[in-house]
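Engineer:
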Amino acid sequence: MSTPSPLPALKTSPKFIFFTDFDGTITQQDSNDFLVNTYGLGPTRRKELFQDVLFGRTSFRDAFKTMLDSVQLPLDQCISALLQNISLDEGFKEFYEWARANNVPVVVLSGGMEPLIRALLGHLLGVEEGRGLVIMSNGVKAREGMEVGEEGGWEIEYRDESAFGHDKSRQIRPYAELPDGKRPVLFYAGDGVSDLSAARETDLLFAKAGHDLVTYCQNEKVPFTTFQNFNEILETVKSIVSGETDVAEVMKNQI
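Under the working numbering, think of the first position of the sequence shown as 773, with each following residue one higher.
Laid out in structure tokens, this is it:
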């Protein structure tokens, strides 16, 4: 059996790699927020917990588990509810088709759960189209003595032991540390507190306007450019890939 590449996005020797969050970035709504708001502890408490993460009062790992543990709906019913209520960012499909045609691998780094993400991508993009995406996220497991199809029968299974549960910087850093001549230009797009660990790792960070990642970057003086949707991201990335501009010029225009 062959061993999977530790850097799967390098398979086609790209000059550019696009890392992205999933919930609220590729999608217009955050699927986890939807579940917690609708079937869990509700939007007020959820927002309080995320504020605690944003200002360092608790870890993302603990806050997110508290939120998800409040959702007692069986896993298959969670997925069904998401398929009916979550929509794709208006520009993502065009961006993804352009990226595939121009050898810009798209890598999804999510603080969410893979079964939900794959179900949504299959529904929103199509199963075949979605197979081109590398997805690195958390998992789902049955609670002891229960099954995921039971009420209250599932819980999140974190990818690593970090305070994030899935420290996205660990997935990006091996690419960032490649030597000159082998290292691609790295992009990242995100919107919220699960993206905090990734914020400093790439050459150009796209932070969704009006969301928590912007607040964090402003507070911590992390360089970023804002976006409303993937139409804007596509325009910027296209101009960099074509050589019309570069990352430094894009960032200079943000000042």
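We treat Cβ as the ideally placed atom computed from N, Cα and C, and that holds for glycine.
(1) Counting only the same chain and skipping the five closest in sequence on each side, list residues whose C-beta sits under 6 angstroms from that of Asp802.
(2) Is it true that the stretch 823 to 835 meets the stretch 866 to 878, where meeting means three or more beta-carbon pairs spaced less than 8 angstroms apart?
(3) Using DSSP's beta-bridge definition, name the partner residues of Glu922.
(4) Which residues does DSSP pair with Ile928 in a beta bridge?
(5) Since Phe806 is in the alpha helix (DSSP H), which residue starts that stretch and which ends it?
(6) Within the stretch 864 to 898, note down every full beta strand (DSSP E) run reaching 3 residues or more, in order along the chain.
(7) Taking Cβ to Cβ, would you say Pro951 is nearer than 7 angstroms to Leu779?
(8) Between the C-alpha atoms of Ile944 and Leu782, what's the straight-line distance to the nearest angstrom?
(9) Go through the stretch 939 to 982 residue by residue and report every complete run of the beta strand (DSSP E) that reaches 3 residues or more, in order.
(10) Where does Gly962 land, buried or exposed, given buried means 16+ other C-beta within 10 angstroms?
(11) Could you pull the DSSP bridge partners for Phe788 from this structure?
(12) In three-state DSSP terms, what is Val986?
(13) Counting beta carbon pairs with one atom in the stretch 807 to 827 and one in the stretch 841 to 852, are three or more of them shorter than 8 angstroms?
(14) Among residues of its own chain, excluding the 5 on either side of Leu860, which ones have a beta-carbon nearer than 8 angstroms to its beta-carbon?
(15) Is the beta carbon of Phe790 less than 7 angstroms from the beta carbon of Val878?
(16) Are there 16 or more other CB atoms within 10 angstroms of the CB of Phe827, so buried, or fewer, so exposed?
(17) Taking just the CA atoms, how far does Thr998 sit from Phe864?
Structural biologist: Taking the structure as given:
(1) Cβ within range, chain order: Asp795, Gly796.
(2) No contact exists between the stretch 823 to 835 and the stretch 866 to 878.
(3) Under DSSP, no beta-bridge partner is assigned to Glu922.
(4) Val912, per the DSSP bridge assignment.
(5) From DSSP, the alpha helix (DSSP H) with Phe806 extends over 803 to 811.
(6) Listed in chain order, they are 878 to 885.
(7) Not a contact, by the Cβ cut-off of 7 angstroms.
(8) When rounded, the distance between both Cα atoms is 12 angstroms.
(9) Entirely contained in the stretch 939 to 982, the beta strand (DSSP E) runs reaching 3 residues are, in chain order, 957 to 962, 976 to 980.
(10) Per the 10 Å Cβ criterion, buried.
(11) Paired residues: Val957.
(12) In this structure, Val986 counts as helix in the three-state DSSP scheme.
(13) Touching, yes, given that three or more Cβ pairs across the two stretches are closer than 8 angstroms.
(14) Excluding residues within five positions, the ones whose Cβ falls inside 8 angstroms are Ile798, Thr799, Gln800, Leu896, Leu897.
(15) If you check the CB distance, Phe790 and Val878 come in under 7 angstroms.
(16) Exposed, because fewer than 16 other Cβ atoms sit within 10 Å of the Cβ of Phe827.
(17) For Phe864 and Thr998, the gap between their C-alpha atoms comes out near 16 angstroms.
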